[in-house]
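Participant:
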């Protein structure tokens, strides 16, 4: 998902005012405002459109200073609307769940919206200082909320996590989550605990979810995943000893070994999980 067509996201923070054509990400809870074109690509509203809708509907809670700069992509500035946005006047735009956006063709826009959502959620959750309770202010030089009373500095939350390709000869361990709407095959995953290395996270998560010991832990690649505020580190490892699965049924509804030729990939190529499954299927890992 993060491998953009043209290079990298210019995510350095800077104070800048939006121009009329700047793209604006608007949210209602965990839903984001987009227009779907006939070819299933996405379009975001511009700053001019958003402000026009606000004035037309008389929304008194729409103020220009609630639009926050987030990054620059392909020579265009992107902003997020920090209020709870209402329905747009242009009915070709609608709010869609953030998790469904990965299923569309607009990889660049999808990545931008997921990253903007990550920042929206962080800004929304840090309007007040967790140390003294005072209202926070945005720092002038970097992306940071600062408390004017106790000088507490609050940086964006980035949670480290792992995705693990457990191998046993020509077989890969695939699983499905329990009690979730997502029903595709995936791999063992989990968040890093405090005081834990990511390698220890790999060992712990595999043991907790399928009861296996692992060895030869080797890093593959990382991926930012803004919807859940994390940076996902991908690892491959080998079973150490007994390969009989002891599945934790509270976490998983299925866990099984799959030969390379039997691996069924996910329907999109946006996730690190899918890429790692593909690499093993091709015999490259």
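Residue numbers (the numbering used here): 2 to 286. C-beta atoms are modelled at their ideal positions from N, C-alpha and C, and glycine is treated no differently. Source: prediction; values computed, not measured.
Looking at C-beta atoms only, is the number of pairs between the segment 205-220 and the segment 243-260 that lie closer than 8 Å three or more?
Facilitator: yes
Participant: Can you give me the start and stop residues for the beta strand (DSSP E) that residue 37 sits inside?
Facilitator: 32-37
Participant: Evaluate contact between the segment 165-175 and the segment 134-153, counting only Cβ atoms and requiring at least three cross-stretch pairs below 8 Å.
Facilitator: no
Participant: In three-state DSSP terms, what is residue 14?
Facilitator: coil
Participant: Please report the distance separating the alpha-carbon of residue 42 from that of residue 286.
Facilitator: CA-to-CA, the gap between residue 42 and residue 286 works out to about 33 Å.
Participant: Taking just the CA atoms, how far does residue 239 sit from residue 81?
Facilitator: Rounded to whole angstroms, residue 81 to residue 239 spans 43 Å at the Cα level.
Participant: Whole angstroms is fine: what's the gap from residue 181's alpha carbon to residue 253's?
Facilitator: Approximately 10 Å between the Cα atoms of the pair.
Participant: Check residue 221 in the structure and name its three-state DSSP category.
Facilitator: Residue state, collapsed to three classes: strand.
Participant: Would you kindly report the start and end of the unbroken beta strand (DSSP E) that includes residue 136?
Facilitator: Segment: none, residue 136 is in no beta strand (DSSP E) and carries neither H nor E.
Participant: Since residue 125 is in the beta strand (DSSP E), which residue starts that stretch and which ends it?
Facilitator: Element bounds for residue 125: not the beta strand (DSSP E) but the alpha helix (DSSP H), 108-126.
Participant: In the DSSP assignment, find the unbroken alpha helix (DSSP H) run with residue 24 in it and report its ends.
Facilitator: Where residue 24 is concerned, there is no enclosing alpha helix (DSSP H), although the beta strand (DSSP E) it sits in stretches over 24-26.
Participant: Between which two residues does the alpha helix (DSSP H) carrying residue 207 extend?
Facilitator: 199-211
Participant: Would residue 48 pass as a contact of residue 71 if the rule is Cβ separation under 8 Å?
Facilitator: no
Participant: Taking only three categories from DSSP, how would you classify residue 183?
Facilitator: coil
Participant: Would you report the Cα separation of residue 65 and residue 145, rounded to the nearest angstrom?
Facilitator: Unreliable positioning characterises residue 65 in this predicted model, as indicated by a pLDDT of 48, which lies under 50. The coordinate reading is nonetheless provided below. Computed Cα separation, rounded: 20 Å.
Participant: So what's residue 281 in DSSP terms, helix, strand or just coil?
Facilitator: In the structure shown, residue 281 sits in a helix (DSSP, three-state: H, G or I).
Participant: Comparing C-alpha positions only, which one of 263, 193, 112 sits nearest to residue 270?
Facilitator: 112
Participant: Considering only the beta carbon of each residue, do residue 231 and residue 161 sit closer than 8 Å?
Facilitator: yes
Participant: Let me know the secondary structure DSSP gives residue 170 once reduced to three states.
Facilitator: coil
Participant: Let me check understanding here. Comparing Cα to Cα, which of 223, 155, 141 lies closest to residue 131?
Facilitator: 155
Participant: Would you call the CB atoms of residue 184 and residue 193 closer than 8 Å?
Facilitator: Going by C-beta atoms, residue 184 is not nearer than 8 Å to residue 193.
Participant: Straight-line CA distance for residue 90 to residue 208?
Facilitator: 52 Å
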